[in-house]
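J.:
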Amino acid sequence: MSTPTPVTQYILVRRTGMSLDVFAERTGLHPDLARKLVALGLLDAHRDPGGEILFEPSAVAHAARIQRLRTGLGLNYSAIGLVLDLLDRIEKLEAASHGRKTPPWTPAA
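So the sequence shown is numbered by the UniProt record's numbering: it starts at 1 and just counts up by one.
1) With distance defined between alpha-carbon atoms, name the residue in Leu-20, Arg-89, Gly-41 and Ala-24 nearest to Tyr-77.
2) Which one or two residues does DSSP pair with Arg-47 in a beta bridge?
3) Mark Ala-63 as exposed unless 16 or more other C-beta atoms lie within 10 angstroms of its C-beta, in which case mark it buried.
4) Classify Thr-27: buried if its beta carbon has 16 or more other beta carbons within 10 angstroms, exposed otherwise.
5) Would you mind sorting Ile-80 into buried or exposed? The rule is 16 or more other CB atoms within 10 Å of its CB.
6) Could you tell me if Ile-66 is buried or exposed, where buried requires 16 or more neighbouring beta carbons within 10 angstroms of its beta carbon?
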């Protein structure tokens with residue numbers, strides 16, 4: 001009688017997002033700068049169960065916006081955060097105004 005062979009089980013972890021290295025390659029940012037932007041709250045990222053930083057694909061465009069503000073306007077990180085917040089508010093207001101069926105103002109009589 002033979003003994004049963006042990007069965008190896010593998011746990012598959014589905015990664016949602018791109019790794020720090022891939023993100024750095026796509027954006028041209030140094031990985032340390034990407035980590036700093038996450039720590040400052042300028043970039044959104046999450047961690048996988050192993051603790052690795054993962055970025056959503058939309059973070060690439062967001063990083064490009066940050067780079068334009070930093071190099072094009074010479075803004076510091078605090079000012080970049082303020083500008084990004086204002087741009088987000090403008091986008092929300094524009095989206096809300098496009099969803100209205102009546103104009104946001106009434107013409108003068």
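For every residue, glycine included, the Cβ atom is placed at its ideal position computed from N, Cα and C.
These numbers come from a predicted model, not from an experiment.
T.: From the atom records:
1) Gly-41
2) Ile-53
3) buried
4) buried
5) buried
6) buried
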